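Below you'll find the structure, written out as structure tokens, and then a few comments.
Number of protein chains: 2
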Amino acid sequence: MDFSSFVTSLITAFVIFVVLVILFAWLSRRPGNKVIYYPNRLLRGMDPFDGGNHASRNPFAWIREALSSSEQDVITVSGVDAAVYFVFLSTGRASNGTFSHLEKLSMGNVADKSSRLWAFLVTTYWVSIVAYYLLWKAYKHVSELRAAALMSPEVRAEQFAVLVRDIPPVPEDQTRKEQIDSYFKSIYPDTFYRSMVVTNNKEVNKIYEELEGYKKKLVRAETIYAESKKTSKPEGVRPTNKTGFLGLIGEKVDSIEYYSEKISELTPKLEAEQKATLRDKQQAAALVFFTSRVTAASAAQSLHATMLDTWNVMDAPEPRQVIWTNLTIKLFERQTRQYIIYIIVALTIFFYMIPITFVSAFTTLENLKKYLSFLKPVYNIAAIRAVLEAYLPQIAFIVFLDLLPKLLLFLSKLEGIPSQSHIERAASVKFFYFTVVDGFIGVTVGGTFFATFKTIEKDPNSLLTILGATLPGNATFFLTFVALEFFVGYGLELSRIFPLIIFHLKRKYLCKTEAEVKEAWYPGDLGYATRVPEDMLVVTITLCYSVMAPLIIPFGVLYFGLGWLILRNQALKVYVPSYESYGRMWPHMHSRILAALVLYQLTMLAYFGAKKFYYAPFLVPLVISSLIFAYVCNKKFYRFFRCPALEVASHELKETLHMERIFRAYVPPCLCSEKVEDDRFEDALSHVSRAGPFA
Amino acid sequence: MDFSSFVTSLITAFVIFVVLVILFAWLSRRPGNKVIYYPNRLLRGMDPFDGGNHASRNPFAWIREALSSSEQDVITVSGVDAAVYFVFLSTGRASNGTFSHLEKLSMGNVADKSSRLWAFLVTTYWVSIVAYYLLWKAYKHVSELRAAALMSPEVRAEQFAVLVRDIPPVPEDQTRKEQIDSYFKSIYPDTFYRSMVVTNNKEVNKIYEELEGYKKKLVRAETIYAESKKTSKPEGVRPTNKTGFLGLIGEKVDSIEYYSEKISELTPKLEAEQKATLRDKQQAAALVFFTSRVTAASAAQSLHATMLDTWNVMDAPEPRQVIWTNLTIKLFERQTRQYIIYIIVALTIFFYMIPITFVSAFTTLENLKKYLSFLKPVYNIAAIRAVLEAYLPQIAFIVFLDLLPKLLLFLSKLEGIPSQSHIERAASVKFFYFTVVDGFIGVTVGGTFFATFKTIEKDPNSLLTILGATLPGNATFFLTFVALEFFVGYGLELSRIFPLIIFHLKRKYLCKTEAEVKEAWYPGDLGYATRVPEDMLVVTITLCYSVMAPLIIPFGVLYFGLGWLILRNQALKVYVPSYESYGRMWPHMHSRILAALVLYQLTMLAYFGAKKFYYAPFLVPLVISSLIFAYVCNKKFYRFFRCPALEVASHELKETLHMERIFRAYVPPCLCSEKVEDDRFEDALSHVSRAGPFA
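Residue numbers (my numbering), protein chains in the order written: chain A, 2 to 696; chain B, 2 to 696.
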């Protein structure tokens, strides 16, 4: 890629960004769009424009609001996870900022063996030490945020429950429920409240979903009928539908009657199935509730039976995050699944290299000519060539990054992880390896990879030499990539053009009822599973190119600065958190930043080697100190992110404890019914043992 | 080593064994020796000869007694650790036994590429599968033994206490004691009993030891005086001593007067120092006592503060095992010490190779001639040569094995480990690496090691080739070694010749008082730190040589069989356990046996390679399955050996709980005094907070 196409792409991206920001300023003022630009506020029952008149409002007021918002605001609105994400963005920006005095120096301009290389060596130390300091401070801060949230005097159901898996077979003289209750009552005679046996809800869930579907359709049909009354004849047009496949074939029936009939048919069936499920489909897993946070916290960390594969206890996920189907998977099956998934992901990472190699082949003019000579006439048109050269590789790269997440989330779920946030973390780690191995290293080493693969296999040290030799050549590719990411990516993020268009289309042609409209604009969460690894890739890129192509530094600062600003707006006004993991994502972010730092240090070592600088080995202690730093942080901080600290759990509650409400929070919707609480059945929910003082 | 010298050494070893067994039969019947052969029984207040008349007794009755003793007998007399050790010996014997049908086949006699090699491949699978089965059964059994002991209805102090380390600095408005008490009372309001702050006892211990020394000397002087009254004049001879260095120089004084004076001088000094220690020398560590086993067990496993390096809690060691000086070492200092010790041990292992190379050089006649040509005239005398060839290498090897343990125990203690049994386990692991790396691999690869070191470094796979080529040549060396170990080693063990001689000498020339005599015969414990790794070395040797030199199999069976028999006798009648770790040694034994099995499989792979057997890679899945087996066992069983299971701790107690007695058990002897329990002081022991219901 030559310099002119690089500038072209930068300018175009910037223009797109400006257009999108102006669009946002204009669109967000229209009341009809408030559900797209302020859904979070609407859902909390607030005025979207925060008091002021939306029309007369300064179109850039959102910047002031974002800048003046406090961390506590973010926690209140979007939870600890979002606050932790901003800590990460600030750390990213600050660590890029330490390079600022270096902007005008490029190591590429320094002669081989020059003593001026010492300055770069000192800089590498300086950058690393600043990074350690920032990371340490951030870890401590996040730890405090987590502690503050967990010691909150509000009652949170998951702090009173533990998840018990791998329960051994039921003894002959007991029911499953009795088995669990007697086991926990003997260990926790004073604080055990009640247990909830996990049931196989496949059948009941199917009926429930069917019933809910008919209910929705009935509301829709009634709305259509009511509207038709207003618009056409006073008696209205009764909506009809066909009963066959997808409503396309079969008998034509009156919708309202048909759905009502179906509902009254399914309701007793659901109740019967609920009872059958609770009585007969009990599984070897349970949620156990305690009347004390400390007991629940310490039970979640303790070994209960002598074998780890029986009565395996861990902290309960939030009710909304529980992956019910994964709860009944046995310990060694979970382990096996995990390793199989790891192998699959490793293979996928390896074979993704092949398309990536083609992406990389696009990035140089010579390769284009060489491989696609039959297209030569087209490329001779300068304008087309410039556009293609400027965008194609980066767009291909971004498309590649967008294809994976769903696959990775699916694979992570297959591992048997019991909570949604954990699945997203697991997917995010996998995604990071993808981006770094296939994206960063793949693109960098690029076309030469397969040729040099044998060399690397024989002598792993040569990877460093290859990196040192090929990295500088790819600098502009990544500069353009980062610029595209933040200008176009954040422009789209802020303006929400696509959700807006989709919403308006849906509202016009599909949505009839209130519920359907709400579904059409409901914003979802920040989507950490993809957002975090992409940011991590930018951290890796900016760190690794910082010294050899210092132009990337302002791009890095802009990426994290703009990201912070725009996502602050989105977190406060748009997205709605779908779970709260109390900052459990942080240790992953921390490790990945450190991994990027080590990669940076190794790259520098390689690059110093390429410059024939004899004192390059002085960087080796730095790499070792990074590993020690990682070890110390992990040892000191990590355990609190894996399990609750008793000190934190022992803080007093202000609310009165309604154990029944906590228990209810965990009943899956398909089992919720007034008749379920039927004490005549020895079922999975019944209150056989009213042991706790609050029972 | 030629065949005749091999037979010579075998026969001599057997003769020594027979002589020692006869000596034992004769000596153990003499009443004067009962303190050497039955100290365990004497200490338990039992009749050493179990009812029968010692003179008329069958000299081989001990064999019947050992064979008929049950596992429960061993647990009662010698604790769970000893029972676990017998499980290990049985497993060793049984796994050697599986080879028995192979005795007459030696792989050395099978031609290259022969299809008869298939039989050996199948055998390797068979041996491995039997080993898995035996190990699995043994792990399960040991786990049950541990659980049974821990759920015992007897009160055991360590089950009610936890060890708290890394306590943060004292806040200004509190004492250390108040800080600890308020912290734990807020987390465990119902079950917290009391805390004991760890103090720096260096000074007080010095005074205490000095005082105890004088007390002993006073008793000794009084005994001498009383005896002199009987033997010489009726007024007796008052013993005297010199006050200077080692009692050799200085003023001559009357011993009884002098020591009495010293005692009355030191007693108030000790009391003052005790008070000062308890008040002013409190450290950042404590023992915390709970009124419930379950709480103590779950507290030991739970994270208390958000940072792991503050309020670090673990299960308390037995009172008799506590290493007080190690309790106050901070988390990261412990970690650092540990890694430094690991590096030191690794270096020591490497440099021990040098003397071992010489040992190995002795084992072949050619080398002897080559290196020690100046001694040629001596070696030409056939008798001397035969003796030297038969014993020198093995004796040198055994001496080498005996030199290390003290060093390794010392190093392990420096790691900052808080309990004696843990130190012995850590030393035992180190010792195992020594024996396998320096002993087994060192002797095997031997003189060629340094020459081939560069080859191995460049291509680690070549280690296998080298092992395959050199192993068969060393078979007789190890056969002799194993034979020496069990014939001479167990002969000495049973006959206790050395302790007997030392005891009689001491009693005759040194001991005056009853306490001194008891000290002279007090037997000590089984000494797992050295015994286990030596057995492990035999396991490794027999497994690795089983197919290429099947003669080693009966030796292995004999080693473990005889070991079982003789140590059963020793465990029941001689040794006194100095601690009880409830079988915590087992996971180490298990891992090492598995490591030996993997080494065996790799050796077979190498040996098949040397035989140019094309299907040798069929052994690779076996190696992988060993690793999976190790993983599964570790996952399933290990955690219970690291921390108590709540299910076990929740069993009810039969005794009434005397919390004060439990607390007292942990007061170090140098701080024991009637005046210590002085509530006017806010000291490390005082009962500021009588929180527990039993207070």
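All C-beta atoms in this analysis are idealised placements derived from N, C-alpha and C, irrespective of residue type, glycine included. Small disclaimer: the values here were computed from a predicted structure and weren't measured.
* To do: Would you mind giving the Cβ-Cβ distance between A/Leu24 and A/Ser496, rounded to the nearest angstrom? I have them listed as a contact below 8 Å.
  => 5 Å
* If we count the other Cβ atoms within 10 Å of its Cβ and call it buried at 16 or more, is B/Arg643 buried or exposed? -> exposed
* Asked: Going along the chain, which residues of its own chain have a beta-carbon closer than 8 Å to the beta-carbon of A/Gly525, five neighbours each way excluded?
  -> Tyr576, Val577, Ser579
* To do: Check whether the Cβ atoms of B/Lys513 and B/Thr224 sit closer than 8 Å, and answer yes or no.
  => yes
* Asked: Just curious, the beta strand (DSSP E) that A/Tyr194 is in, first and last residue?
  -> 193 to 200
* Does B/Glu648 have its Cβ less than 8 Å from a Cβ in chain A? -> yes
* Going by beta carbon distance, what residues of the same chain come within less than 7 Å of A/Met605, once the five residues before and after it are set aside? -> Thr125, Val548, Leu620
* To do: Could you name the residues of chain A that B/His505 contacts, counting a contact when the two beta carbons are closer than 9 Å?
  => Here the premise fails: no neighbours, minimum Cβ distance about 47 Å.
* Can you tell me which of the three DSSP states A/Asp255 falls into? => strand
* Hey, is B/Ile188's beta-carbon within less than 8 Å of any beta-carbon in chain A? -> yes
* Name the DSSP beta bridge partners of A/Val314, please? -> A/Val165
* Confirm, please, whether the CB-CB distance from B/Thr311 to B/Asp167 is below 8 Å. => yes
* Asked: What is the rounded straight-line gap between the Cα of B/Leu623 and the Cα of A/Ala650?
  -> 47 Å
* **Three or more C-beta pairs below 8 Å linking the region 649 to 665 of chain A and the region 149 to 157 of chain A** => yes
* Roughly how many angstroms separate the alpha carbons of B/Thr241 and B/Glu272, rounded to a whole number? -> 29 Å
* **Exposure of B/Ala285, with buried meaning 16 or more beta-carbon neighbours within 10 Å** => buried
* Evaluate A/Gln571 with the Cβ neighbour count: other Cβ atoms within 10 Å of its Cβ, from every protein chain shown; 16 or more gives buried, anything less gives exposed. => buried
* Please list the residues of the region 288 to 306 of chain B that have a C-beta atom closer than 9 Å to any C-beta atom in chain A, keeping them in chain order. => Val295, Thr296, Ala298, Ser299, Ala300, Ala301, Gln302, Ser303, Leu304, His305, Ala306
* alpha helix (DSSP H) containing A/Gln571: first to last residue? -> 553 to 574
* C-beta neighbour in chain B for A/Arg640, strict 8 Å -> yes
* Nearest residue (CA-CA) to B/Asp403, options B/Gly490, B/Leu348, B/His423 -> B/Gly490
* Just list the alpha helix (DSSP H) runs in the region 480 to 557 of chain A, keeping only unbroken ones of 4 residues or longer that don't cross its boundaries, in chain order. => 491 to 496, 498 to 510, 515 to 522, 529 to 546
* **Burial state of A/Ala298, where buried means 16 or more other Cβ atoms lie within 10 Å** => buried
* Just by C-beta distance, which residues in the region 303 to 330 of chain A are closer than 8 Å to chain B? -> Ser303, Leu304, His305, Ala306, Thr307, Met308, Leu309, Asp310, Trp312
* **Straight-line gap, A/Ala597 to B/Tyr184 (C-alpha atoms, nearest Å)** => 40 Å
* A/Ala84 and A/Val75: beta carbons closer than 8 Å? -> yes
* Asked: In its own chain, which residues sit with a C-beta less than 6 Å from the C-beta of A/Phe451, not counting the 5 before and 5 after it?
  -> Interpretation of A/Phe451 is limited by its pLDDT of 46, a score under 50 that renders its predicted location unreliable; no figure is taken from the coordinates.
* **Exposure label - B/Arg94; buried when at least 16 CB within 10 Å** => buried
* Separation of B/Ile418 from B/Arg665, as counted between CA atoms -> 23 Å
* Since B/Ser651 meets chain A, which of its residues come closer than 7 Å, beta carbon to beta carbon? -> Ser187, Ile188
* Closer than 8 Å to chain A by CB, B/Ser256 -> no
* Among A/Phe351, A/Glu211, A/Ile37, which residue has its Cα nearest to the Cα of A/Phe499? -> A/Ile37
* **Outcome for A/Arg662 when other beta-carbon atoms lying within 10 angstroms are tallied against a minimum of 16** => exposed
* **Sequence-distant residues of the same chain with beta carbon closer than 6 Å to A/Leu21, five excluded per side** => Gly492, Ser496
* To do: Assign B/Tyr529 to one of two classes, buried (16 or more other C-beta atoms within 10 Å of its C-beta) or exposed (fewer than that).
  => buried
* Report yes if the CB atom of A/Asp316 is closer than 8 Å to the CB atom of A/Ala301, and no otherwise. => yes
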